[in-house]
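A.B. asks:
There are 2 protein chains.
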Amino acid sequence: MRNDSRLSRMLHVLIHMDRHQDAATSEMIAKMLNTNPVVVRRTMAGLREEGYVRSEKGHGGGWRLARPLSEITLLDVYNALGEPHLFAIGPADDQPQCLVEQAVNAVLADAMKKAEALLLRRLGGVTLEKIAAEFEAKMTARSAAAYSCAS
Amino acid sequence: MRNDSRLSRMLHVLIHMDRHQDAATSEMIAKMLNTNPVVVRRTMAGLREEGYVRSEKGHGGGWRLARPLSEITLLDVYNALGEPHLFAIGPADDQPQCLVEQAVNAVLADAMKKAEALLLRRLGGVTLEKIAAEFEAKMTARSAAAYSCAS
DNA sequence: GTAATTTGTAACAAGACAAGTGACATGAGT
DNA sequence: ACTCATGTCACTTGTCTTGTTACAAATTAC
Ligand code: FES
Ligand code: FES
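As they're listed, the protein sequences go chains A and B.
Numbered per our numbering, the first sequence spans residues 22 to 172.
Numbered per our numbering, the second sequence spans residues 22 to 172.
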């Protein structure tokens with residue numbers, strides 16, 4: 022559980038959802054992600070609130086895309102997840118009044134901010150459709166049998 | 022303890038060490054960092070192994086800079102700490118054979134790699150001397166009283 | 001209208017990892 | 001010898017994602 026994999030997981034799920042048009046239950050998705058239905062609901066809640074997916078209760082219910090993949094960027098998904106912490110490192114807060122600590126943290130914060138901006142800019146420039154297209158390319162290149170988990 | 026603050030802390034310490042020329046004991050440093058001497062020794066061990074600081078036991082012992090600040094970059098310190106994980110997010114590893122997951126992770130890994138490269142390049146371009154100089158500038162600008170913790 | 005599904009949510013345990021802490025051996029100066 | 005200081009081990013704490021159990025609420029099927 023070393024890293025936060027919610028972004029990766031959600032991207033994975035959304036692309037798969039686009040490929041079968043009927044609703045996907047949390048349980049089906051959980052199997053795809055090799056995890057638990059509750060984790061799925063928890064994580065997808067953010068996407069629902071932002072209007073990227075819809076959920077329906079009862080028979081035949083489950084999760085459905087509310088927008089085409091071409092209108093969802095990786096950044097959108099990241100934001101919908103609540104903008105989780107990107108970095109594992111951060112500033113120290115031991116002597117806030119110390120000018121040395123301040124100077125160090127300023128340099129560090131600046132570098133991290135630049136790196137974060139670059140990363141988010143890249144995420145914002147890629148739609149899920151583009152990833153799906155890359156997948157399709159590999160998919161046709163290999164024999165179809167190589168693809169797919171149990172689901 | 023939300024973030025790994027070892028890099029920030031070590032930069033802070035190294036700059037302070039340059040300003041008084043006698044050895045600094047782990048206990049003095051611990052007070053500076055508002056923490057425990059053992060944490061200091063543990064963290065500084067990496068810097069010692071890479072030859073940026075020296076430590077001496079016994080009376081009058083403690084930690085001393087082994088190189089001028091001008092010869093130590095932030096990247097050097099980061100590397101000496103064992104290159105801790107930079108990112109809090111990461112790829113999912115739930116269905117390694119799934120081409121969708123692979124495609125998602127490839128895009129994500131690419132963006133993260135670029136951001137990491139940018140960050141490390143910036144860290145490599147800044148020496149500790151430069152941060153010390155920035156500190157000196159602020160230091161003379163304000164009255165000297167504003168500076169310093171108990172130590 | 002009752003049963004079967006399926007989401008929504010709360011509550012809590014597990015795992016990972018930096019950080020904090022106590023104990024003690026080792027080495028160096030006085 | 002005694003004191004100071006590092007080196008290191010073992011254990012605890014805090015925090016955050018994940019995993020899991022339990023149960024209420026809503027919707028469809030019969
Ligand atoms: S999870 Fe991607 S193929 Fe089933
Ligand atoms: S810790 Fe920076 S001034 Fe004492």
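Yeah, the Cβ is synthetic: ideal placement off N, Cα and C, and Gly gets one too.
Under a three-way DSSP split, which group does A:A154 fall into?
C.D. replies: Locating residue 154 of chain A in the first sequence gives position 133, where the first residue counts as 1. Of the three classes helix, strand and coil, the one that applies to A:A154 here is helix, per DSSP.
A.B. asks: Using a threshold of 7 Å, is the CB atom of A:E122 nearer than that to any non-hydrogen atom of ligand 2?
C.D. replies: As a first step, residue 122 of chain A must be located in the first sequence, where it is residue number 101. Checking the Cβ of A:E122 against ligand 2 gives yes.
A.B. asks: Can at least three beta-carbon pairs, one atom from the segment 22–30 of chain B and one from the segment 108–116 of chain A, be found at a separation below 8 Å?
C.D. replies: Because the criterion of three Cβ pairs below 8 Å is met, the segment 22–30 of chain B and the segment 108–116 of chain A touch.
A.B. asks: Using a cut-off of 8 Å between C-beta atoms, extract the partners of A:V125 located in chain B.
C.D. replies: As a working mapping, residue 125 of chain A is identified with position 104 in the first sequence. Under the 8 Å cutoff, chain B gives S29, L32, H33, I36 and I152.
A.B. asks: Residues in its own chain within less than 7 Å of A:L129 by CB, not counting five upstream and five downstream?
C.D. replies: Working through the first sequence from its first residue, we reach residue 129 of chain A at position 108. Excluding sequence neighbours, A:L129 sits near P112.
A.B. asks: For my contact list, A:A132 and B:L35 are in at a C-beta cut-off of 8 Å; report their separation, rounded to the angstrom.
C.D. replies: Position 111 of the first sequence, counted from the first residue, corresponds to residue 132 of chain A. Position 14 of the second sequence, counted from the first residue, corresponds to residue 35 of chain B. Actually they are not in contact, since the Cβ atoms of A:A132 and B:L35 sit about 17 Å apart, beyond 8 Å.
A.B. asks: Would DSSP call B:I110 helix, strand or coil?
C.D. replies: For the purposes of this step, residue 110 of chain B is taken as the residue at position 89 of the second sequence. Three-state DSSP puts B:I110 in a strand.
A.B. asks: Under 7 Å from any heavy atom of ligand 2, does the C-beta of B:H33 make it?
C.D. replies: As a working note, residue 33 of chain B is residue 12 in the second sequence. At least one heavy atom of ligand 2 is nearer than 7 Å to the Cβ of B:H33, so yes.
A.B. asks: Does any C-beta atom of chain B lie closer than 8 Å to the C-beta of A:R23?
C.D. replies: Within the first sequence, residue 23 of chain A is the residue found at index 2, counting from 1. By this cut-off, A:R23 is an interface position.
A.B. asks: Can you tell me the Cβ-Cβ gap for A:A136 and B:P105, rounded? I've got them flagged as a contact below 8 Å.
C.D. replies: Translated into the one-based positions of the first sequence, residue 136 of chain A becomes position 115. Translated into the one-based positions of the second sequence, residue 105 of chain B becomes position 84. About 15 Å separates the two Cβ atoms, so there is no contact after all.
A.B. asks: Could you say if the segment 64–72 of chain A and the segment 94–102 of chain A meet the contact criterion of at least three C-beta pairs nearer than 8 Å?
C.D. replies: In short, these stretches touch, since the Cβ pair count reaches three.
A.B. asks: Between which two residues does the alpha helix (DSSP H) carrying B:E48 extend?
C.D. replies: Translated into positions along the second sequence, residue 48 of chain B becomes position 27. S47 to M53 is the span of the alpha helix (DSSP H), which, as asked, contains B:E48.
A.B. asks: Starting from A:K78, find everything on chain B with Cβ-Cβ shorter than 7 Å and list it in chain order.
C.D. replies: Residue 78 of chain A sits at position 57 when you count from the first residue of the first sequence. Neighbours of A:K78 on chain B: none; closest Cβ ~26 Å, over 7 Å.
A.B. asks: At what residues does the beta strand (DSSP E) containing A:L144 begin and finish?
C.D. replies: Here residue 144 of chain A corresponds to residue number 123 of the first sequence, with the count starting at 1. Element bounds for A:L144: not the beta strand (DSSP E) but the alpha helix (DSSP H), L120 to G145.
A.B. asks: For A:N55, decide whether its Cβ has a neighbour in chain B, counting only Cβ atoms nearer than 8 Å.
C.D. replies: Translated into the one-based positions of the first sequence, residue 55 of chain A becomes position 34. Chain B contact via Cβ: present.
A.B. asks: Spell out the partners DSSP gives B:T148 in its beta bridges.
C.D. replies: Position 127 of the second sequence, counted from the first residue, corresponds to residue 148 of chain B. The partner list for B:T148 (beta bridge, DSSP) reads B:T94.
A.B. asks: Using only CA atoms, which one of A:L107, A:T148, A:L139 and A:A51 lies nearest to B:V125?
C.D. replies: As a working note, residue 125 of chain B is residue 104 in the second sequence. Out of A:L107, A:T148, A:L139 and A:A51, A:T148 has the C-alpha closest to the C-alpha of B:V125.
A.B. asks: For B:A45 versus B:G83, is the C-beta spacing smaller than 8 Å?
C.D. replies: Counted from its first residue, the second sequence places residue 45 of chain B at position 24. Counted from its first residue, the second sequence places residue 83 of chain B at position 62. Yes, the Cβ-Cβ distance between B:A45 and B:G83 is below 8 Å.
A.B. asks: Assuming B:L95 contacts B:L32 under a Cβ cut-off of 8 Å, what Cβ separation, rounded to an integer in Å, is found between them?
C.D. replies: Walking along the second sequence from the start, residue 95 of chain B turns up at place 74. Walking along the second sequence from the start, residue 32 of chain B turns up at place 11. That belief holds up - the Cβ atoms of B:L95 and B:L32 are roughly 6 Å apart, short of 8 Å.
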